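Positions 46 to 757 (our numbering) are the ones given, in order, by the sequence shown.
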Amino acid sequence: MCIKIRPFFCGLILGLLSLYTLATPADFSGEDGYRLWLKYDELDNTKLKKAYIKQLSGVYLDASSATGKVIKQELELALPALLGKPLTFNTKADNASLRIQLNQSPSALISGDGFSIQSQGKHLNITANTQVGLLYGTFHFLRLVQTEQSLAKLDITQSPKIQLRMLNHWDDLDRHTERGFAGESIFDWHKLPDYKEQRYYDYARANASIGINGIVPINVNSNALILSPAYLQKVQALADVFRPYGIKVYLSIKFSSPQQLDGLATSDPLDKQVQQWWQNKTAEIYKLIPDFGGFLVKANSEGQPGPGDYGRTHADGANMLAKALKPFGGNVLWRAFVYAHDSEHERSLQAYTEFVPLDGQFEDNVSVQVKNGPIDFQPREPFSPLFGAMPQTSLAMEFQVTQEYLGFSTHLAYLGTMYKEVLDADTHVKGTGSSVAKVIDGSLEGHSLSVMAGVANIGADRNWTGHIFGQANWYVLGRLAWDHELSAEQIAHEWVAMTLTHDVKSSEQIVAMMMASRENIVNYMTPLGLHHLMDTGHHYGPGPWVDNLGRADWNPTYYHRADDFGIGLDRTSKGTNGVSQYAPYWQEIFSDPAKTPDELLLWFHHLPWDYKMRSGQTLWQELVAHYYTGAAAAEQMQQDWLTLKNNIEPNQFNQVRMALAIQVKEAKWWRDACVLYFQSYSKMPLPMGFEKPKHSLEYYQSLKFPYAPGQG
Ligand code: BDP
46 MCIKIRPFFC GLILGLLSLY TLATPADFSG EDGYRLWLKY DELDNTKLKK AYIKQLSGVY
106 LDASSATGKV IKQELELALP ALLGKPLTFN TKADNASLRI QLNQSPSALI SGDGFSIQSQ
166 GKHLNITANT QVGLLYGTFH FLRLVQTEQS LAKLDITQSP KIQLRMLNHW DDLDRHTERG
226 FAGESIFDWH KLPDYKEQRY YDYARANASI GINGIVPINV NSNALILSPA YLQKVQALAD
286 VFRPYGIKVY LSIKFSSPQQ LDGLATSDPL DKQVQQWWQN KTAEIYKLIP DFGGFLVKAN
346 SEGQPGPGDY GRTHADGANM LAKALKPFGG NVLWRAFVYA HDSEHERSLQ AYTEFVPLDG
406 QFEDNVSVQV KNGPIDFQPR EPFSPLFGAM PQTSLAMEFQ VTQEYLGFST HLAYLGTMYK
466 EVLDADTHVK GTGSSVAKVI DGSLEGHSLS VMAGVANIGA DRNWTGHIFG QANWYVLGRL
526 AWDHELSAEQ IAHEWVAMTL THDVKSSEQI VAMMMASREN IVNYMTPLGL HHLMDTGHHY
586 GPGPWVDNLG RADWNPTYYH RADDFGIGLD RTSKGTNGVS QYAPYWQEIF SDPAKTPDEL
646 LLWFHHLPWD YKMRSGQTLW QELVAHYYTG AAAAEQMQQD WLTLKNNIEP NQFNQVRMAL
706 AIQVKEAKWW RDACVLYFQS YSKMPLPMGF EKPKHSLEYY QSLKFPYAPG QG
């Protein structure tokens with residue numbers, strides 16, 4: 046139309062239109078994200094709704110236990126809302142269509158808090174060996190309704206594949222959240238133990254609905270005060286809220302607590318008085334919280350105290366705590382994330398070097414908690430070589446749900462694909478089929494203690510996670526900890542149906558966006574195996590030029606090694622020899638650039654700028670292409686989202702729309718800053734067809750963000 050009218054009028058019309066858009070307040074009606082995936086809005090598929098109503102004429106359950114009450118409450122909240130019809134509870138099982146009952150004698154088909162949902166004539170039976178199993182069964186049943194599945198001829202039996210399914214909050218006692226981008230901590234320590242917010246209960250419901258059964262409410266960079274009597278009362282109050290939902294509380298502890306809290310002369314784990322102190326403290330905790338989960342420990346890492354301060358090993362430290370917890374059934378989660386600034390080993394090698402020699406020395410109620418990759422939650426890393434290298438030790442998986450290195454809470458990154466990539470990776474330690482998932486769930490080496498933890502992305506923002514799609518990452522963590530064989534795509538579909546829309550076409554489109562989203566970020570931040578390119582401290586935005594930090598391996602320049610010759614870090618036997626920490630199968634692949642997968646190429650190799658890639662392009666051309674593809678994909682995602690306007694509630698729609706606009710801007714920022722910086726070494730032109738960066742390299746280098754959120 047504009048072509049036909051004179052340019053002046055055309056400009057005027059466009060100008061007025063954009064003024065109008067600016068002046069019109071966005072529509073923030075409808076769901077704001079608080080209800081997460083437990084929205085329970087009335088189903089609009091009338092045929093299905095009718096069928097459900099017919100099938101669910103009355104419910105029988107024994108609601109005498111605290112968990113039974115929670116089940117009843119959830120059904121009362123969910124079913125009338127979903128079906129638009131009041132719910133009847135029957136006093137006798139015979140007359141009820143939905144029956145939720147413990148097995149008379151424990152079923153051998155179910156382990157732990159597993160459950161069955163079975164059709165039996167006109168009845169639907171949810172059974173389990175435990176009350177919490179019934180709660181999980183109920184949530185699964187509700188998920189079937191929320192995702193509009195048929196309830197006819199159901200024959201479902203599920204048991205969790207991983208025993209401890211945990212959220213680790215990096216929240217401080219003053220409510221600051223380290224690496225949190227969704228507001229302050231949800232735990233209001235000041236008002237506890239008396240003031241128990243509704244949010245705690247809704248948090249518990251959300252966790253129970255996805256099988257999360259353990260939470261650590263405070264930061265791994267812990268505070269000794271958490272073990273003081275006053276704070277333990279606050280912890281007790283939280284534990285009391287969470288118990289009926291099957292959630293145990295664990296605490297991050299400061300290894301130097303005996304000195305800090307009670308003035309002991311040492312915190313040496315082999316000192317008798319110190320051991321006694323921990324035994325007494327543990328007994329004090331169990332008196333208040335009989336089902337207390339145990340301790341999570343970051344020791345001798347990034348300045349935290351630990352057994353190393355006394356010349357003792359991680360096993361000495363972990364075992365001292367394990368012995369104190371054992372009589373009460375508690376566990377120790379001892380982190381393998383050990384970045385000691387005084388170690389001669391490069392950061393990515395340290396965990397393996399320090400822990401593998403200790404294999405076989407840990408008590409059986411200790412699990413060594415390993416980050417998914419050898420460095421630090423980068424957009425892409427190979428799986429950590431510790432998985433498979435400590436056969437006699439239970440190894441826990443630690444994923445990061447909060448997006449410290451993936452765009453904070455304004456970038457849409459569905460992490461299900463990343464978690465699956467790691468879990469499905471084959472360590473090859475016992476031949477083909479020795480997946481990381483089998484190491485974690487204990488099946489590879491026959492460990493009974495199994496753990497998967499995620500560093501939470503939850504805060505006091507109304508929508509919990511800052512970004513509506515951040516909720517999907519909380520959701521997928523729980524679902525995969527329950528069953529790591531589920532696909533990332535299936536889980537995304539569930540989440541979309543429960544959170545955003547039932548419209549089939551829209552769901553397909555949203556799931557496609559989600560499935561591609563993490564790779565887009567890898568492309569515009571750290572393609573081809575690059576890593577650790579972020580700016581210092583807050584980790585916000587690009588900083589590949591940073592080279593002034595205390596230790597060589599704290600600097601991005603250490604990891605990308607860009608120079609006149611080429612780019613990438615040589616981790617073969619000629620370089621850091623990181624490859625030697627993997628099984629021979631992978632050593633052979635990772636030692637040879639021709640065999641190394643493209644996505645990990647520069648993780649393992651330093652290659653010339655004109656290195657010929659599989660695609661036939663040079664390394665420089667391909668690197669640039671990845672950066673531009675990533676940024677273009679962010680723009681595409683933004684366009685795609687706009688087409689969904691009529692099928693998403695306005696508030697959710699607008700929140701995502703605004704975040705995507707930031708993401709597009711920041712994707713270009715990453716792309717331009719990195720391409721310009723690497724170009725200063727490659728000295729090669731931008732391949733044809735790529736738009737020139739808007740600013741100079743100096744401009745990007747000059748940007749400062751002193752108040753970026755979540756700083757450590
Ligand atoms: C790093 C974070 C830092 C954490 C550390 C950890 O930047 O804030 O304390 O991980 O895992 O990635 O302990």
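Every residue gets a Cβ at the ideal spot worked out from N, C-alpha and C, and that includes glycine. On a predicted model such as this, the values are computed, not experimentally measured, just so you know.
- Message: For T172, list the residues DSSP reports as bridge partners.
- Response: On the sequence shown, position 127 is the one that residue 172 refers to. T172 has Q146, S161 as its beta-bridge partners, per DSSP.
- Item | Integer Cβ distance of Q146 from D107, believed to fall under 8 Å | Counting from one through the sequence shown, the residue named residue 146 turns up at place 101. Counting from one through the sequence shown, the residue named residue 107 turns up at place 62. Right, the Cβ-Cβ distance comes to about 7 Å (below 8 Å), so this counts as a contact.
- Buried or exposed: Q395, going by 16 or more other Cβ atoms within 10 Å of its Cβ? Here residue 395 refers to the residue found at position 350 when the sequence shown is read from its first residue. Per the 10 Å Cβ criterion, buried.
- By the 10 Å Cβ neighbour count, where 16 or more other Cβ atoms means buried, how is P52 classified, buried or exposed? The count along the sequence shown starts at 1 and reaches residue 52 at position 7. Legend: pLDDT at P52 = 46, less than 50; position of this residue unreliable, value from coordinates given subsequently. So P52 ends up on the exposed side.
- Query: Since I330 and L545 are thought to touch, with beta carbons under 8 Å apart, how far apart are those beta carbons, to the nearest angstrom?
  - Reply: Translated into the one-based positions of the sequence shown, residue 330 becomes position 285. Translated into the one-based positions of the sequence shown, residue 545 becomes position 500. Under the criterion of beta carbons closer than 8 Å, I330 and L545 do not qualify as touching, at roughly 41 Å.
- Query: Nearest-angstrom Cα distance between Y79 and V624?
  - Reply: Counting from one through the sequence shown, the residue named residue 79 turns up at place 34. Counting from one through the sequence shown, the residue named residue 624 turns up at place 579. As the crow flies, the alpha-carbon of Y79 is around 45 Å from that of V624.
- Message: Quick check on DSSP: helix, strand or coil for Q318?
- Response: By 1-based counting over the sequence shown, the position of residue 318 is 273. Here Q318 sits in helix by DSSP.
- Message: Let me confirm a value: E743 is counted as buried when at least 16 other C-beta atoms fall within 10 Å, else exposed. Which label applies?
- Response: Along the sequence shown, one-based indexing puts residue 743 at 698. Around the CB of E743, fewer than 16 other CB atoms lie within 10 Å, so the residue is classed as exposed.
- Task: Look up N213 in the DSSP assignment and give the residues it is bridged to.
- Result: As a first step, residue 213 is located in the sequence shown; it is residue number 168 there, counting from the start. Answer by DSSP bridge pairing, in chain order: V261, V500.
- Item | Own chain, CB closer than 7 Å to V190, minus 5 neighbours either side, in chain order | For the purposes of this step, residue 190 is taken as the residue at position 145 of the sequence shown. Around V190: Y97, L127.
- Task: Take V342 as the anchor and find which of K293, S267, Q278 has the nearest alpha-carbon.
- Result: Residue mapping note: residue 342 aligns to position 297 of the sequence shown, counting from 1. Ranking the options by Cα distance to V342, first place goes to S267.
- If we ignore side chains and look at the alpha-carbon of each, how far apart do W648 and D580 end up? Indexing the sequence shown from 1 puts residue 648 at position 603. Indexing the sequence shown from 1 puts residue 580 at position 535. Rounded to whole angstroms, W648 and D580 show a C-alpha spacing of 19 Å.
- Query: If you check the beta carbons only, do E426 and A367 fall under 7 Å apart?
  - Reply: The residue you call residue 426 lines up with position 381 of the sequence shown. The residue you call residue 367 lines up with position 322 of the sequence shown. Annotated as distal: E426 and A367, with beta-carbon spacing of 7 Å or more.
- Which of helix, strand or coil DSSP assigns to Q208: As a working note, residue 208 is residue 163 in the sequence shown. DSSP, read as helix, strand or coil, puts Q208 in coil.
- Item | Exposure label - V549; buried when at least 16 CB within 10 Å | Here residue 549 refers to the residue found at position 504 of the sequence shown. V549 is classed as exposed because its beta carbon has fewer than 16 other beta carbons within 10 Å across all chains shown.
- In or out: K739 buried (at least 16 other Cβ within 10 Å) or exposed? Taking the sequence shown and counting its residues from 1, the one referred to as residue 739 is at position 694. Counting Cβ neighbours within 10 Å, K739 comes out exposed, since fewer than 16 surround it.
- Message: Only counting the same chain, and skipping five residues up and downstream in sequence, which positions put a Cβ closer than 7 Å to that of G433?
- Response: Residue numbering aside, residue 433 sits at position 388 when the sequence shown is read from its first letter. Sequence-distant Cβ neighbours of G433 in its own chain, meaning closer than 7 Å and more than five residues away, are T472, V474, S479, V484, A628.
- Message: Does the distance between the C-beta of V446 and the nearest non-hydrogen atom of ligand 1 fall short of 6 Å?
- Response: If you number the sequence shown from 1, residue 446 lands on position 401. Checking every heavy atom of ligand 1 against the Cβ of V446, none is found closer than 6 Å.
- Message: Taking 8 Å as the limit between beta carbons, can you name the residues of its chain near V556, skipping five residues before and five after?
- Response: Counting from one through the sequence shown, the residue named residue 556 turns up at place 511. Cβ contact annotation for V556 (same chain, cutoff 8 Å, sequence separation greater than five): E534, A537, H538, V541, in chain order.
- Task: Note down the Cα distance separating G758 from D139, rounded to an integer number of angstroms.
- Result: Residue 758 is absent from the structure shown; the chain starts at 46 and stops at 757.
- Tell me whether E223 counts as near ligand 1, meaning its Cβ is closer than 6 Å to at least one heavy atom of that ligand. Mapped onto the sequence shown, residue 223 falls at position 178. Yes, the Cβ of E223 comes within 6 Å of a heavy atom of ligand 1.
- Query: For F382, is the beta carbon positioned less than 6 Å from some heavy atom of ligand 1?
  - Reply: Here residue 382 is taken as the residue at index 337 of the sequence shown, counted from 1. Under cutoff, so the answer is yes.
- Helix, strand or coil: which one does DSSP assign to L341? The count along the sequence shown starts at 1 and reaches residue 341 at position 296. In the three-state scheme derived from DSSP, where H, G and I count as helix and E and B as strand, L341 is classed as strand.
- Would you kindly check if the distance between the Cβ of G511 and the Cβ of F698 is under 7 Å? Residue numbering aside, residue 698 sits at position 653 when the sequence shown is read from its first letter. Residue numbering aside, residue 511 sits at position 466 when the sequence shown is read from its first letter. Result no, Cβ atoms of F698 and G511 do not sit closer than 7 Å.
- Message: Using C-beta distances below 6 Å, list every residue in its chain close to K713, excluding the 5 sequence neighbours before and after it, in chain order.
- Response: Within the sequence shown, numbered from 1, the residue matching residue 713 stands at position 668. Result list for K713: A676, in chain order.
- Would you call the CB atoms of Y384 and S346 closer than 7 Å? On the sequence shown, residue 384 is found 339 positions in, with the first residue counted as 1. On the sequence shown, residue 346 is found 301 positions in, with the first residue counted as 1. Yes, the Cβ-Cβ distance between Y384 and S346 is below 7 Å.
- What is the C-beta distance between E449 and H584, in whole angstroms, given that I count them as a contact (C-beta under 8 Å)? Within the sequence shown, numbered from 1, the residue matching residue 449 stands at position 404. Within the sequence shown, numbered from 1, the residue matching residue 584 stands at position 539. That pair is a contact at about 6 Å.
- Should G348 be listed as close to ligand 1, given that the test is whether its C-beta is under 6 Å from any heavy atom? What you label residue 348 is simply residue 303 of the sequence shown in a count that begins at 1. Not so, every heavy atom of ligand 1 lies at least 6 Å from the Cβ.
- What residues are listed by DSSP as bridge partners for P402? Position 357 of the sequence shown, counted from the start, is the residue given in the question as residue 402. The bridge partners DSSP lists for P402 come to none.
- Item | First and last residue of the uninterrupted beta strand (DSSP E) at R250 | The count along the sequence shown starts at 1 and reaches residue 250 at position 205. R250 -> not in any beta strand (DSSP E); alpha helix (DSSP H) instead, spanning 243 to 254.
- Top-ranked residue by Cα proximity to H650, from I634, Q662, G661: As a working note, residue 650 is residue 605 in the sequence shown. For the set I634, Q662, G661, the Cα lying nearest the Cα of H650 is the one of I634.
- Comparing alpha-carbon positions, which option in T617, F610, G582 lies nearest N600? What you label residue 600 is simply residue 555 of the sequence shown in a count that begins at 1. Of the candidates T617, F610, G582, the one whose C-alpha sits nearest the C-alpha of N600 is G582.
- Can you grab the Cα-Cα spacing for the pair K299 / S204, in whole Å? The count along the sequence shown starts at 1 and reaches residue 299 at position 254. The count along the sequence shown starts at 1 and reaches residue 204 at position 159. Rounded to the nearest angstrom, the two C-alpha atoms are 34 Å apart.
- Message: Rounded to the nearest angstrom, what separates N213 and Y630 at their Cα positions?
- Response: Position 168 of the sequence shown holds residue 213. Position 585 of the sequence shown holds residue 630. If you take the alpha carbons of N213 and Y630, they lie about 34 Å apart.
- P751 at chain B interface by Cβ criterion, 7 Å: In the structure shown, chain B cannot be found, because there is only a single protein chain.
- Message: Within a Cβ cutoff of 6 Å, which residues of the same chain sit near I50, ignoring the five residues on either side of it in sequence?
- Response: Looking up residue 50 in the sequence shown gives position 5. Reliability fails at I50, whose pLDDT of 42 lies under 50, so the model's placement of it is uncertain and the value that follows must be treated cautiously. None.
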